[in-house]
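To keep things clear, I will list the structure first and then write my remarks on it.
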Amino acid sequence: MSSISRLRHKEAIKLVASDELLNEDTVNPFVEVSFQHTVYQTNTASGSHPCWNEEIEVDFISPGHDYSFSNLSKIKDNVYINIFDEVIIEKHEDHCLKSCSSHSYVKKNWLGSIIFPFSALLQQSEFSDQIDVLQRAQIFERNCKAVFPNRRIITTVLNDEGIQMLVTRYIKALNPPQQLLDIFLQDSNTTLDLIARFVSLIPFMPDTLDENDGSDIWMTSERCISLAIGNKEEHAILLCNFFLYFGKSALVLLGSSMLEGHVAYVLTQESDEYLLWNPSTGQCHKQFDPFCPLQSVDCLFDDKNVWFNIQQNNTPMAVHFDYSKESFWKQLIPKNFQGTKPQSIQITGFPIQMPYTDVQSVIDAVYQTGIHSSEFPQTEFALAVYIHPFPNNILSVWVYLASLSRHQ
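Just so we're aligned: 331 in full-length UniProt numbering is position 331 of the sequence shown, and the numbers increase by one with no gaps anywhere.
This is how it looks when you write it as structure tokens:
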């Protein structure tokens, strides 16, 4: 055997020996996830078949804090997943300064990596379901504006937390203040007039943003009442929700008025006629009322869908309000659309009663319950504390705890 062959044979033996050592749990791998210049790391495992079973939460900031689909789709960042082998190398005495406090240092050897774009996440799991609906809404608006550019159409707005959502989510039955319900107990029609008058008395906030740029912010009806202020659309939504409490067939109507410009009305159906309610005045007009200031009927929405008026004549007297007719109304969500199942919220709670000695004892008692160790994301908690005094400075403390977990 030549010297070259012997050398190759020795190298092959070394490689085989290295592989055998590799398979004998000499590898200590860990994972690094890098996104937007921030690195996250798992714990170090052992062996050539590691199982980390860890969940890494990656911080994400959208440019301008705009989380709309159109803006998210422009993000070009990649997610980098690298696997390293942690190697501990012992230091030799002659190479270490006297001030060295450790006789070893850690080195990481790169084993492999996976790279995928952030845009791939937009197509995954429940997040894509929400994005699909919002994207559908944006396309729907563009298509409607292409046919009738002067007609109003709003499908999505920002809530008070800056999250984009469908306008349909603002519609739900809401009970009016009990004082209004007690005035005319035997006359429901007069009660409706009184409620419309009540809504009109809530101060109006002028619209300073262009509703076509997707940055319009709407408050919920509860928020509108608590702050005692709202824009035109929020007034209409509030009145619509009050009417739904009485079991009325009610929708929010977007259009224009000769007196107020852009307006939001409430449309109700009473047997064989349609009524148009103006939230800014509290007045009610029948569809064929010549004194109704409403000039155009452009869009309708309730808690289930948004309808755009595609009839050539959009004056109230000429409009067919039967939005089930696809030749008259174009709907955002088709009848066969399979949306996501609504979330359910599981509530778990209990009280703790104990003698009060100090704050730390109460904290320890709460910690021992393990209520904080929920594995569900977006879990919220509720807490209330009551201390009842007894003679001689003896105190009894009650701690009420609850966790709310969202299930898709």
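Using N, Cα and C, we set each Cβ at its ideal position, and we do this for glycine too.
Asked                                                                                                                                                                                    : Found
Does the distance from the C-beta atom of residue 285 to that of residue 276 stay below 8 Å?                                                                                             : yes
For the segment 216-261, which segments carrying the alpha helix (DSSP H) assignment without a break, of at least 4 residues, lie completely within its bounds, in sequence order?       : 221-227, 232-245
Compare the beta carbon distance of residue 79 and residue 107 with 8 Å and say whether it is the shorter of the two.                                                                    : no
Thinking residue 246 and residue 174 are a contact (beta carbons under 8 Å), I'd like their distance in whole angstroms, please.                                                         : That pair is no contact at about 11 Å.
Nearest-angstrom Cα distance between residue 405 and residue 371?                                                                                                                        : 11 Å
With H, G and I counted as helix, E and B as strand and the rest as coil, what does DSSP make of residue 115?                                                                            : strand
With respect to the beta strand (DSSP E) encompassing residue 387, which residues constitute its N-terminal and C-terminal limits?                                                       : 380-390
For a test of the three-state rule: what should DSSP assign to residue 348, helix, strand or coil?                                                                                       : strand
Among residues of its own chain, excluding the 5 on either side of residue 304, which ones have a beta-carbon nearer than 8 Å to its beta-carbon?                                        : 168, 333
Kindly list the residues whose CB is nearer than 7 Å to the CB of residue 350, restricted to its own chain and excluding five residues on each side of it in sequence; keep chain order. : 401
Using a threshold of 8 Å, state whether the C-beta atoms of residue 301 and residue 251 are closer than that.                                                                            : yes
Check each candidate in 139, 205, 322 and name the one with the smallest Cα separation from residue 233.                                                                                 : 205
Ignoring anything shorter than 4 residues, give me the alpha helix (DSSP H) runs that lie fully in the segment 149-208, in order along the chain.                                        : 178-181, 188-200
Between residue 312 and residue 320, which are expected to be in contact by the criterion C-beta below 8 Å, what is the C-beta distance as a whole number of angstroms?                  : Not a contact, Cβ separation roughly 11 Å.
Taking its Cβ as the centre, do 16 or more other Cβ atoms sit within 10 Å of residue 388, making it buried, or is it exposed?                                                            : exposed
Specify the secondary structure class of residue 27 as computed by DSSP and reduced to three states.                                                                                     : coil
Out of 138, 267, 104, which has the shortest C-alpha to C-alpha gap to residue 240?                                                                                                      : 267
Which of the three DSSP states is assigned to residue 11 in this structure?                                                                                                              : Only weak support is given to the placement of residue 11: the predicted model assigns it a pLDDT of 48, under 50, and the question is left unresolved by the model.
Report the rounded CA-to-CA distance for residue 121 versus residue 105, giving the unit in angstroms.                                                                                   : 37 Å
For the putative contact between residue 35 and residue 77, defined by C-beta atoms under 8 Å, what is the C-beta separation to the nearest angstrom?                                    : 7 Å
Which residue comes first and which comes last in the beta strand (DSSP E) that contains residue 58?                                                                                     : Where residue 58 is concerned, there is no enclosing beta strand (DSSP E), given that its DSSP letter is neither H nor E.
Any beta carbon from chain B within less than 8 Å of residue 38's own beta carbon?                                                                                                       : Of the chains in the structure shown, none is chain B; there is only one protein chain.
Within 10 Å of its beta-carbon, does residue 72 have 16 or more other beta-carbons around it, so buried, or fewer, so exposed?                                                           : buried
Would you call residue 394 buried or exposed, if buried means 16 or more other Cβ atoms sit within 10 Å of its Cβ?                                                                       : exposed
In this structure, does DSSP put residue 72 in helix, strand or coil?                                                                                                                    : helix
With a Cβ-Cβ cutoff of 8 Å, do residue 295 and residue 315 count as a contact?                                                                                                           : yes
Quick check: the Cα distance between residue 192 and residue 383, rounded to an integer number of angstroms?                                                                             : 39 Å
Tell me the DSSP secondary structure of residue 313 in three-state form.                                                                                                                 : coil
Below 6 Å CB to CB, which residues in the same chain sit around residue 82 once its five sequence neighbours on both sides are set aside?                                                : 32, 113
Could you check whether residue 236 and residue 264 sit closer than 8 Å to each other, using their CB atoms as the reference points?                                                     : yes
Using three-state DSSP, classify residue 278 as helix, strand or coil.                                                                                                                   : coil
Mapping DSSP to helix, strand and coil, what is residue 302?                                                                                                                             : coil
Assign residue 30 to one of two classes, buried (16 or more other C-beta atoms within 10 Å of its C-beta) or exposed (fewer than that).                                                  : buried
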